[in-house]
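A.B. asks: Dropping the structure in here first, questions after.
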Amino acid sequence: MTSRPAVHLAVPVDDLAAARRFYGEILGLEQGRSTDHWIDWNLRGHQLVTHLVPAASAAAGTSDVDGHRVPIPHFGLLLASEEFHRLAERLRAAGVEFLIEPSLRFAGRPGEQWTMFFRDPAGNALEFKSFADESQIFTT
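Those letters in the sequence shown? Residues 1 to 140, per the working numbering, in order.
And the structure:
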């Protein structure tokens, strides 16, 4: 059996039903195992676990990136362009409020990318992005 590196990420949520709706129905992630205080999600082969932590607070600060105040901490995925724009429309249709609207960052420069930021119902910041050229993900 060949294995590939995968990320395990645990995030606090204050309402598992809201997490189930957001991560399962809105983001479309497949649900794995769960109990009455956590839910596993398949984040493209990576394990995302939403843990019930009453009164959880994820906000720590922001960082300036290409003219935007990016929330710290945050997590997310790199998507193909078409998938990025479909997700943005699905989020809009679900009434999700963007912290940073879907926008083009670093236009015409190495690492050009579409990006968007929003929060889950517990306040965890998420970023989804799509690079114009995936070979430039780590280009300086």
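Where a beta carbon is used, it is the ideal one built from N, C-alpha and C, also for glycine.
With a 10 Å radius around its C-beta and 16 neighbouring C-beta atoms as the bar for buried, classify Ala122 as buried or exposed.
C.D. replies: For the purposes of this step, residue 122 is identified with residue 122 of the sequence shown, where counting begins at 1. Label assigned to Ala122: buried.
A.B. asks: Evaluate Val65 with the Cβ neighbour count: other Cβ atoms within 10 Å of its Cβ, from every protein chain shown; 16 or more gives buried, anything less gives exposed.
C.D. replies: Stepping through the sequence shown from its first residue, residue 65 is reached at position 65. Val65 comes out exposed.
A.B. asks: Give me whichever residues DSSP pairs with Gly61 in a beta bridge.
C.D. replies: Position 61 of the sequence shown holds residue 61. Paired residues: Ile72.
A.B. asks: Near Leu9, which residues of its chain fall below 8 Å by C-beta distance, leaving aside the five closest residues on each side in sequence?
C.D. replies: Against the sequence shown, residue 9 aligns to sequence position 9. The answer, listed in chain order, is Leu43, His46, Gln47, Leu48, Val49 and Phe75.
A.B. asks: Is there contact between the segment 99–119 and the segment 127–137, where contact requires at least three CB pairs shorter than 8 Å?
C.D. replies: Short answer: they touch.
A.B. asks: Can you name the residues that DSSP bridges to Leu78?
C.D. replies: Reading the sequence shown from its first residue, position 78 is the one you call residue 78. Its beta-bridge partners are Lys129.
A.B. asks: By how many angstroms is the C-alpha of Arg4 removed from the C-alpha of Gly95?
C.D. replies: By one-based count along the sequence shown, residue 95 stands at place 95. By one-based count along the sequence shown, residue 4 stands at place 4. Whole-angstrom Cα-Cα distance: 36 Å.
A.B. asks: Taking the straight line between their C-alpha atoms, what separation do you get for Met1 and Glu82?
C.D. replies: Here residue 1 corresponds to residue number 1 of the sequence shown, with the count starting at 1. Here residue 82 corresponds to residue number 82 of the sequence shown, with the count starting at 1. Confidence in Met1 is poor, its pLDDT being 46 and thus under 50, which makes the residue's placement too unreliable to answer from.
A.B. asks: Buried or exposed: where does Ala60 fall if 16 or more other Cβ atoms within 10 Å of its Cβ makes it buried?
C.D. replies: As a position in the sequence shown, residue 60 is number 60, starting the count at 1. Result: exposed.
A.B. asks: Rounded to a whole number of angstroms, what is the C-alpha to C-alpha distance between Leu126 and Arg33?
C.D. replies: Against the sequence shown, residue 126 aligns to sequence position 126. Against the sequence shown, residue 33 aligns to sequence position 33. Their Cα atoms are separated by approximately 22 Å.
A.B. asks: Within 10 angstroms of the Cβ of Thr115, are there 16 or more other Cβ atoms? Answer buried if so, exposed if not.
C.D. replies: Walking along the sequence shown from the start, residue 115 turns up at place 115. Buried, since its Cβ has 16 or more Cβ neighbours within 10 Å.
A.B. asks: When the Cα of Arg119 is compared with those of Ala132, Phe106 and Ile72, which residue comes out closest?
C.D. replies: Here residue 119 refers to the residue found at position 119 when the sequence shown is read from its first residue. For the residues Ala132, Phe106 and Ile72, the minimum Cα distance to Arg119 belongs to Ile72.
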